[in-house]
Structures are given as C-alpha cells and as structure tokens.
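Take a look at the structure set out below.
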C-alpha cells in the first residue's frame, strides 16, 4: 500500500514539475515583453520620441523624395514638450517647425516657430488633448499583434535585441484605430484618393524589442504598397497616365532616454522671449 501511495505521489509530482517547467512559446514571450514595454512608456516620467515617415519614387523620369520627421522630448508632469518637425520635399525644399508646450495649471501654452516667426496660443486641457495628443503612437502601442514571426536576434552592447514581424490589413483593425494611415494618406496623397480597395492592402509591421531592458527600440511600418495603391488611384481619378517606379515608403517610431529627459531652459527662453 505504501508503495502504491509513493508511486501516486511520484507521478503527481512529475506531472506538476513538467507543467511548471513548460517553456513559453515565442509568441507568449513577445506578448509579455510588448506589454511590459508599453507599461514602461506609460509609467515613465519622460522620454524622447523620433517619428519618421517618407515616400520616395520616380515619376516622369524624375525622382521625388518626401519626408516628415519629428523629434520630441516629453515630460509628463507638469507637461513639457519640445519638438522639431522637419518637412522635406525634393525640388521644393525643407521647412523646420519648432514647437514648445508648457503646462500652466489647467492650461497649456503652445509656441510654434516657423521661419523665425513665433506664434503663441493657450488651450484648455480638454482642447489640448483633443488636438495634440499623439493618437498615432497611442493606437500603435495599444494594438498587440495577434501573430508575429521572429526574424532576427542579435547582441548589442551585451543587450539582447530581437526583431519581430507581423502583417495585417486595415480590415483587421477598427476604423477608429486607422488614424495613422488616414494621416499618411492626407499628407502624402490627398484624402480624395481614399478607396475601399486600400482596406485589403497588406502592411508589414516590424517591432524591435530590447529583451534585456524590456523596452522598445522601434516600431515601423512598410507603407510602400499602401501609399502606391492610393497614389495610383489618385492619378486615375485625375486621368493622369503616369507610372510610379521604384516606390518605397515607411513610418517609424523610435524611443530613447526613458526617464532621462530634462527641460531645455535655453530652448524655452528662445521660444518664449
């Protein structure tokens, strides 16, 4: 009888050990790490964000290069935003916009400088959140891909950096979560080119995570097929028989200086005086 009881206990312990030592799947590891990285950003006091979008192509034997870049330092409380927005269009030129936002109690003072001229306005918290909160970033962070493929793993300064890739269409996400793609259409093409066929265009998202620090390195989208389809629609609407050659387009978020941003007093003085 004692032998039987010992055998039952041994089997139960073996099963328990087997269950507890079960390795996580690659997706479970990704999901957990993605969630922790989002939590770190949401809980951070400050960070630097680099956003970069571009659309380059050849048309009528001419090369067209367009880009929109934003580098911003953000402090959460009291709110502080220092931003440089650079718009660049080949054969047209580059325009830099300097932005400063300072929280003053329940109000937000915004300063925008373009070509040496500074514009100032004050908004309530409700107005500011409606007009200036980075919804593109917020939506990107809240949407955890349902499937991913691990495509690269490397060591950088003794830290484990892993790159994941996922594919989706706009049909896969809620319409209110498509704001990033709507903004890109409006900026690079025109809202008149919107077509339901775009909902079926596959978009590749690449997510680079630092496994050591449990932080994002970058999140990027390959927008080439999406914007080129929209551009072709636009050309057809206007009866323009032009061919788009060698298109390439993308949008990316890169993160740095988590909890390590301080106010630039020199910049504040330049913008406010």
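Residue numbers (this note's numbering): 1 to 273. Positions of the beta carbon are idealized from the N, C-alpha and C atoms, including for glycine.
Close beta carbons around residue i, own chain, < 7 angstroms, minus the five adjacent residues each side
i: residue 57; result: 64, 244, 245, 246, 247
i: residue 183; result: 136
i: residue 253; result: 49, 51, 137, 140, 218, 219
i: residue 187; result: 68
i: residue 198; result: 170, 226, 229, 230
i: residue 78; result: 103
i: residue 124; result: 106, 107
Cβ-based burial, residue i [other Cβ within 10 Å; buried from 16]
i: residue 201; result: buried
i: residue 96; result: exposed
i: residue 176; result: exposed
i: residue 2; result: With a pLDDT of only 43 at residue 2, under the threshold of 50, the placement of this residue in the model should not be trusted; the figure read from the coordinates follows. So residue 2 counts as exposed.
i: residue 73; result: buried
i: residue 249; result: buried
i: residue 25; result: exposed
i: residue 133; result: exposed
i: residue 162; result: buried
i: residue 156; result: exposed
Neighbourhood of residue i by C-beta, 6 angstroms cutoff - its chain only, sequence neighbours within 5 removed
i: residue 99; result: 83, 112
i: residue 69; result: 52, 86
i: residue 222; result: 204, 250
i: residue 212; result: 159, 160
i: residue 151; result: 163, 165
Whole-angstrom C-beta distance between residue j and residue i, which should lie under 8 angstroms
i: residue 160; j: residue 149; result: Not really, about 17 angstroms apart at Cβ, beyond 8 angstroms.
i: residue 145; j: residue 166; result: 4 angstroms
i: residue 37; j: residue 174; result: Residue 37 to residue 174, Cβ: 22 angstroms. No contact.
i: residue 226; j: residue 203; result: 6 angstroms
i: residue 66; j: residue 55; result: 5 angstroms
Straight-line gap, residue i to residue j (C-alpha atoms, nearest Å)
i: residue 164; j: residue 205; result: 8 angstroms
i: residue 291; j: residue 210; result: Absent from the structure is residue 291, since the part of the chain shown begins at 1 and ends at 273.
i: residue 228; j: residue 35; result: 33 angstroms
i: residue 108; j: residue 81; result: 10 angstroms
i: residue 179; j: residue 142; result: 13 angstroms
i: residue 39; j: residue 75; result: 16 angstroms
i: residue 41; j: residue 263; result: 18 angstroms
i: residue 224; j: residue 181; result: 12 angstroms
i: residue 93; j: residue 59; result: 18 angstroms
i: residue 190; j: residue 238; result: 12 angstroms
i: residue 271; j: residue 91; result: 30 angstroms
i: residue 88; j: residue 122; result: 28 angstroms
i: residue 61; j: residue 185; result: 24 angstroms
i: residue 267; j: residue 114; result: 14 angstroms
i: residue 172; j: residue 110; result: 36 angstroms
i: residue 269; j: residue 101; result: 13 angstroms
Cβ shell of residue i (< 8 angstroms), same chain only, five flanking positions each side left out
i: residue 147; result: 27, 166
Can you confirm whether the region 111-119 touches the region 129-142 when touching is taken to mean that 3 or more C-beta pairs between the two stretches lie within less than 8 angstroms? No, the region 129-142 does not touch the region 111-119.
Does the pairing of the region 242-253 with the region 24-41 give three or more beta-carbon distances under 8 angstroms? Under the 8 angstroms Cβ criterion, the region 242-253 does not count as touching the region 24-41, having fewer than three qualifying pairs.
Contact between the region 252-261 and the region 36-55 (3+ Cβ pairs under 8 angstroms): Touching, yes.
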